[in-house]
Amino acid sequence: MKRVIPIVFVIMMIWTVSAQSEDIEWDHYFSSNILHKLYCGGDYVWSFRPAHVNGLLQFDPERETFNHFHAGNGTLGNRIIGMDTDANDTIWCLTDGGLVWFDGFAWHSVETPENIEWHNVMSFTTGKNGTVWIGGYCVVGKYDGTNWETFTTSD
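Here the sequence shown is numbered in this note's numbering, starting from -10 and rising by one per residue.
In structure tokens form, the structure reads like this:
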């Protein structure tokens, strides 16, 4: 189930943890301390900054560990456009390099049709039946888990 956490709550949570444990050593993964988007999916809290090339940060609250995913280790692109969870609780991520899904350990890419220019894709969502929809400049794409169907303004 997708949950959005207001940034004020997160700031309060970080401040509370900081106040409770003065011995925490913080790792900085981004060049800024600003997190624009937070997403809860699976057992993790994810954060990213749309339109920036910082990749994706995964926080495991049980282990209190962070992982930084980027084009070099699985997400296909460094600019994260969005995240969503499908009906099977699979986490999907749309990047400037393509569509990927997370199996709990690693990211897996989805082969895409040639007529989708990923730098022009601006949004996506998952459908109730497990389909993934993307939208961009003059194109809408539907992925059913096996095949793509695309719709363009010339159709």
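From the three backbone atoms N, C-alpha and C, an ideal C-beta is built for every residue, glycine too.
For the pair residue 88 and residue 101, the CB atoms are nearer than the 8 Å cut-off. Under the 10 Å beta carbon count, residue 59 is surrounded by 16 or more other beta carbons and is classified as buried. Secondary structure note for residue 117: it is in no beta strand (DSSP E), with a DSSP letter that is neither H nor E. When the beta-carbon positions are compared, residue 55 and residue 46 come within less than 8 Å of each other.
Restricting attention to 123, 104 and 119, the CA atom closest to the CA of residue 112 is found in 123.
Distance from the CA atom of residue 129 to the CA atom of residue 135, rounded to whole angstroms, is 17 Å. Taking C-beta separations shorter than 8 Å and ignoring five residues to either side along the sequence, the partners of residue 64 in its chain run 44, 45, 58, 82, 84, 86, 89 and 96, following chain order.
Selection 73, 140, 76 and 94 evaluated against residue 62 yields 94 as nearest (Cα-Cα).
The shortest CA-to-CA distance from residue 118 to any of 104, 110, 105 and 133 is the one to 133. Ranked by Cα distance from residue 121, the first of 38, 75 and 98 is 75. Looking only at 143, 50, 99 and 32, the smallest Cα-Cα distance to residue 137 is reached by 99. Judged by DSSP in its simplified three-state form, residue 62 adopts helix. Under a 10 Å Cβ-count criterion, residue 52 is classified as exposed, with fewer than 16 other Cβ atoms of the shown protein chains found around its own Cβ. Taking the CA atoms as reference points, residue 49 sits about 35 Å from residue 126.
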